[in-house]
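Okay, so here's the structure we're looking at.
There are 2 protein chains.
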Amino acid sequence: MPTNTQILLDHRPTDKVSPANFRIVETPVPTPGPGQVLVRHSFLSLDPYMRGRLSDAKSYAKPQEIGAVMGGGTVGVVEASNNPRFKLGDAVVGMGGWQRYSVSDGGSLRVVDAKTIPIQAYLGPVGMPGVTAWYGLNKIIAPKPNETVLVSAATGAVGSVVGQLAKVAGARTVGIAGGSQKCAYAVRELGYDACVDHKSLRFGEDLKDALLSGVDGLFENVGGEPFRLAMRRINDFARVAVCGLIASYESEPTPPPDMRLFLVKRFKMEGFIVSDHVDLWPKALGELAGLVAAKKLIWRETIRDGLESAPQALVDLLHGQNFGKMLVRVD
Amino acid sequence: MPTNTQILLDHRPTDKVSPANFRIVETPVPTPGPGQVLVRHSFLSLDPYMRGRLSDAKSYAKPQEIGAVMGGGTVGVVEASNNPRFKLGDAVVGMGGWQRYSVSDGGSLRVVDAKTIPIQAYLGPVGMPGVTAWYGLNKIIAPKPNETVLVSAATGAVGSVVGQLAKVAGARTVGIAGGSQKCAYAVRELGYDACVDHKSLRFGEDLKDALLSGVDGLFENVGGEPFRLAMRRINDFARVAVCGLIASYESEPTPPPDMRLFLVKRFKMEGFIVSDHVDLWPKALGELAGLVAAKKLIWRETIRDGLESAPQALVDLLHGQNFGKMLVRVD
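Top line first, the protein sequences correspond to chains X and W.
Throughout the first sequence, residue numbering follows the numbering used here, covering 1 to 331 in sequence.
Throughout the second sequence, residue numbering follows the numbering used here, covering 1001 to 1331 in sequence.
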């Protein structure tokens, strides 16, 4: 009889998260009840927001429950269905969590076309990270042609889409990424006009050089010192979309800009979370899928094999060890 | 032969501005040349932005030139005109500066109706402060019915208009003002649902009590510690319009919110300056004049007599010694 491998949150991290915060259990594969559907997962999505859910600090999302299966995005295939919306073999995207199988009423499952686009893309450019990029860029930054858009974590699951969408919109794009390999990819493959390596000793100078015409739109995924330096180049009427502050999730708080700067530069700073805007997902996903089909939107993945690699994959994601979308392939 | 009394910036303040930073000179009344118009001023407008112009720090506005007539808004009457747009006796609003007479080509002068509305109102609710209130409230905060809008300097030239416009829009309005007299006026005359005295020892508790349902819109004129406390009550999806930070112009910088709060609360903070939005002035002024005519928009003034009182009036304004719009009546 097959078992369901599950990864539970064992205890909350007090400082940095480690695999020891989780434990693995084997349970019987659940049987779907009336109206329910059983999904066998193909990939788990690893995302920076997960770090926040491991803490019990008051936030926008409920903290991850201790002793429960760690939550997270999944793609998989329907193995059994008592729900007329799903049939055997359907490819589905949902929030199945860190386990091999999930059973649900299908309310948060969406059937996807895994023939023209690889199934794991629904956890990346045509999934939550893609819509995140789409929302922050189009609804907060709204770049005009020839404006400069700066993107931190420029090659990540979200940033790589932001850079490409901003280019399509006619903006000049500047990325910040960790390492020369990521920066080379950003310019050569993703089409950034420039990319600055935040691990370089010349980072401050390089950033200044890349931003001689200032920053009109800033899509912030990282925070920390690079954010502080970027704010020094902010232009009048700039728009700053605060999507994430991964540099601060396990480290020093990100230094906020001087309040006076808001007056001097008349800029806007806005935090957002893509799950607040479900009404726009169909439109965004449609546009993103169209760009992928037209080969105008590319992406790259770091895939870890085996469900049990998920905790370490999360740790590595938080330390920028991924190159593109971080995924776990469930065997 | 009548002379033109003028107040010049003598030297920049190094710390707090004082009347000693200015000097008074008597010059001949200028004769308007071809296409020019001579205005005798009735009132000078004193406004917080003037403090910024006294410094030579890089800002949105050019610093006030040393040895030149101190700039500022004025209303007055046309005494001589070689410009077909203006005739003798026209009431006009403009940027005549701290002097009894100004001569100009009329490019920044606007003829106003001083019969149905007192002329100095064009320096207040139907002038720059009114449009400032209108822009920040309607274009940044955009309050929905029953949302809570918090206004600092709630009885000032800008804040008093914000509070009344927000009430018209169906919002619950909470003011912050300095002293029980201003707070009583805010509630009884301006229609605020509550007003909290920042000079009270109970300020922190009182503010918390007045904001039990949080803050959906914050119109910030002041900054400082009240701003920090207000940010602790910010609601999801709040809008913060940063109009001024008068508490910091001669004192400690205003503490900015934690960057993480932008993510947790998904709020927006935007600085603005009304002179960037000249396209909207006619619409805003039309609405404001309509509300004044319908007695739905009231205001109050602190009037100092005599041109030479302008420097001290500015100092007093910066220390909250005004009650409503600060004006100098030119004799």
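The C-beta atom is built at its ideal place from N, Cα and C for all residues, glycine as well.
Strand pairing of residue i, partner residues [DSSP]
{"i": "X:Ser152", "result": "X:Ile176"}
{"i": "X:Ile141", "result": "DSSP output for X:Ile141 lists no bridge partner at all."}
{"i": "X:Pro28", "result": "X:Thr3"}
{"i": "X:Ala194", "result": "X:Val174"}
{"i": "W:Glu1220", "result": "W:Val1242"}
{"i": "X:Val161", "result": "In the DSSP output, where bridge partners are listed per residue, X:Val161 has none listed."}
{"i": "X:Lys325", "result": "X:Glu301"}
{"i": "W:Arg1040", "result": "W:Val1077, W:Tyr1101"}
{"i": "W:Val1215", "result": "W:Ile1234"}
{"i": "W:Leu1008", "result": "W:Arg1023, W:Val1069"}
Residue i classed as buried or exposed, judged by whether at least 16 other C-beta atoms fall within 10 angstroms
{"i": "W:Asp1047", "result": "buried"}
{"i": "W:His1041", "result": "buried"}
{"i": "X:Asn146", "result": "exposed"}
{"i": "W:Val1278", "result": "exposed"}
{"i": "X:His198", "result": "buried"}
{"i": "X:Ile66", "result": "exposed"}
{"i": "W:Gly1181", "result": "Correcting the residue identity first, residue 1181 of chain W is Gln in this sequence and not Gly. By the 10 Å Cβ count, W:Gln1181 comes out exposed."}
{"i": "X:Gln321", "result": "exposed"}
{"i": "W:Thr1132", "result": "buried"}
{"i": "W:Ala1293", "result": "exposed"}
{"i": "W:Lys1265", "result": "buried"}
{"i": "W:Lys1058", "result": "exposed"}
{"i": "X:Leu201", "result": "exposed"}
{"i": "X:Asp331", "result": "exposed"}
{"i": "W:Glu1220", "result": "buried"}
{"i": "W:His1090", "result": "The residue asked about is misnamed: residue 1090 of chain W is Asp in this sequence, not His. Label assigned to W:Asp1090: buried."}
{"i": "X:Lys115", "result": "exposed"}
{"i": "W:Tyr1212", "result": "It should be pointed out that residue 1212 of chain W corresponds to Leu in this sequence rather than to Tyr. By the neighbour-count rule (16 or more Cβ atoms within 10 Å), W:Leu1212 is not buried but exposed."}
{"i": "W:Gly1052", "result": "buried"}
{"i": "W:Pro1226", "result": "buried"}
{"i": "W:Arg1228", "result": "exposed"}
{"i": "W:Ala1360", "result": "Outside the shown range of chain W, which is 1001 to 1331, sits residue 1360 of chain W, and nothing can be said about it."}
{"i": "W:Ser1102", "result": "buried"}
{"i": "X:Thr3", "result": "exposed"}
{"i": "W:Lys1325", "result": "buried"}
{"i": "X:Ala177", "result": "buried"}
{"i": "W:Ser1104", "result": "buried"}
{"i": "W:Ser1018", "result": "exposed"}
{"i": "X:Asp113", "result": "exposed"}
The ligand SAM heavy atom lying under 7 angstroms from the CB of residue i
{"i": "W:Glu1065", "result": "With respect to the ligand SAM, the structure shown offers nothing to examine, as it has no ligands at all."}
CB contact check: residue i to chain C, cutoff 8 angstroms
{"i": "W:Met1128", "result": "Checking the listed chains, one finds no chain C in this structure; the protein chains it contains are X and W."}
Can you list the alpha helix (DSSP H) stretches of 4 or more residues lying completely in the segment 1228 to 1305 of chain W, in chain order? Entirely contained in the segment 1228 to 1305 of chain W, the alpha helix (DSSP H) runs reaching 4 residues are, in chain order, 1259 to 1265, 1281 to 1293.
Interface positions of the segment 51 to 75 of chain X facing chain W (Cβ-Cβ less than 7 angstroms), listed along the chain: Within the segment 51 to 75 of chain X, the residues whose Cβ lies closer than 7 angstroms to some Cβ of chain W are Ser59, Tyr60, listed in chain order.
Segments of 4+ residues assigned as alpha helix (DSSP H) that fall wholly inside the segment 1046 to 1132 of chain W: 1049 to 1054, all fully within the segment 1046 to 1132 of chain W.
Residues of the segment 1263 to 1284 of chain W whose Cβ lies closer than 8 angstroms to any Cβ of chain X, in chain order: For the segment 1263 to 1284 of chain W, which is checked against every Cβ of chain X, the residues closer than 8 angstroms are Leu1263, Val1264, Lys1265, Arg1266, Phe1267, Lys1268, Met1269, Glu1270, Gly1271, Phe1272, Ile1273, Asp1276.
Under 7 angstroms, CB to CB, which of the residues in the segment 205 to 239 of chain X have a partner in chain W? Contacts with chain W (Cβ-Cβ distance below 7 angstroms) from the segment 205 to 239 of chain X involve Gly223, listed in chain order.
Note down, in chain order, all residues in the segment 2 to 31 of chain X with a beta-carbon under 7 angstroms from any beta-carbon belonging to chain W. Within the segment 2 to 31 of chain X, no residue has a Cβ that lies closer than 7 angstroms to any Cβ of chain W.
Three or more beta-carbon pairs under 8 angstroms between the segment 1267 to 1286 of chain W and the segment 1186 to 1197 of chain W, yes or no? In this structure the segment 1267 to 1286 of chain W does not touch the segment 1186 to 1197 of chain W; the number of beta carbon pairs closer than 8 angstroms is below three.
At a Cβ cut of 8 angstroms, what residues of the segment 248 to 262 of chain X count as close to chain W, listed as they run along the chain? Taking a C-beta cut-off of 8 angstroms against chain W, the contacting residues of the segment 248 to 262 of chain X are Ser248, Pro253, Thr254, Pro255, Pro256, Pro257, Asp258, Met259, Arg260, Leu261, Phe262, listed in chain order.
Should the segment 147 to 162 of chain X be called in touch with the segment 290 to 302 of chain X, which here means at least 3 C-beta pairs below 8 angstroms? Segment contact: the segment 147 to 162 of chain X against the segment 290 to 302 of chain X, three or more CB-CB distances shorter than 8 angstroms; contact assigned.
With three or more beta-carbon pairs closer than 8 angstroms as the criterion, would you say the segment 95 to 102 of chain X touches the segment 60 to 80 of chain X? Result yes; three or more Cβ-Cβ pairs closer than 8 angstroms.
Could you tell me whether the segment 1227 to 1242 of chain W touches the segment 1138 to 1155 of chain W, using the rule of 3 or more Cβ pairs below 8 angstroms? Enough Cβ pairs lie closer than 8 angstroms, so yes.
Determine, using beta-carbon pairs with one atom in the segment 105 to 119 of chain X and one in the segment 312 to 327 of chain X, whether at least three such pairs fall under 8 angstroms. No, the segment 105 to 119 of chain X does not touch the segment 312 to 327 of chain X.
Counting Cβ pairs closer than 8 angstroms, one from the segment 119 to 130 of chain X and one from the segment 27 to 41 of chain X, do we hit at least three? Judged by pairs of C-beta atoms under 8 angstroms, the segment 119 to 130 of chain X does not touch the segment 27 to 41 of chain X, as fewer than three such pairs exist.
So does the segment 112 to 127 of chain X actually touch the segment 281 to 292 of chain X, counting three or more Cβ pairs closer than 8 angstroms? By the Cβ criterion, the segment 112 to 127 of chain X is in contact with the segment 281 to 292 of chain X, since at least three pairs of Cβ atoms, one from each stretch, lie closer than 8 angstroms.
Note down, in chain order, all residues in the segment 149 to 172 of chain X with a beta-carbon under 8 angstroms from any beta-carbon belonging to chain W. So the list is empty, because no residue satisfies the distance condition.
Just checking, does the segment 1252 to 1267 of chain W make contact with the segment 260 to 271 of chain X on the three C-beta pairs under 8 angstroms criterion? Because the criterion of three Cβ pairs below 8 angstroms is met, the segment 1252 to 1267 of chain W and the segment 260 to 271 of chain X touch.
Taking beta-carbon pairs under 8 angstroms, can you tell me which members of the segment 1288 to 1300 of chain W lie near chain X? Against chain X - using a Cβ distance shorter than 8 angstroms - the segment 1288 to 1300 of chain W contributes no residues.
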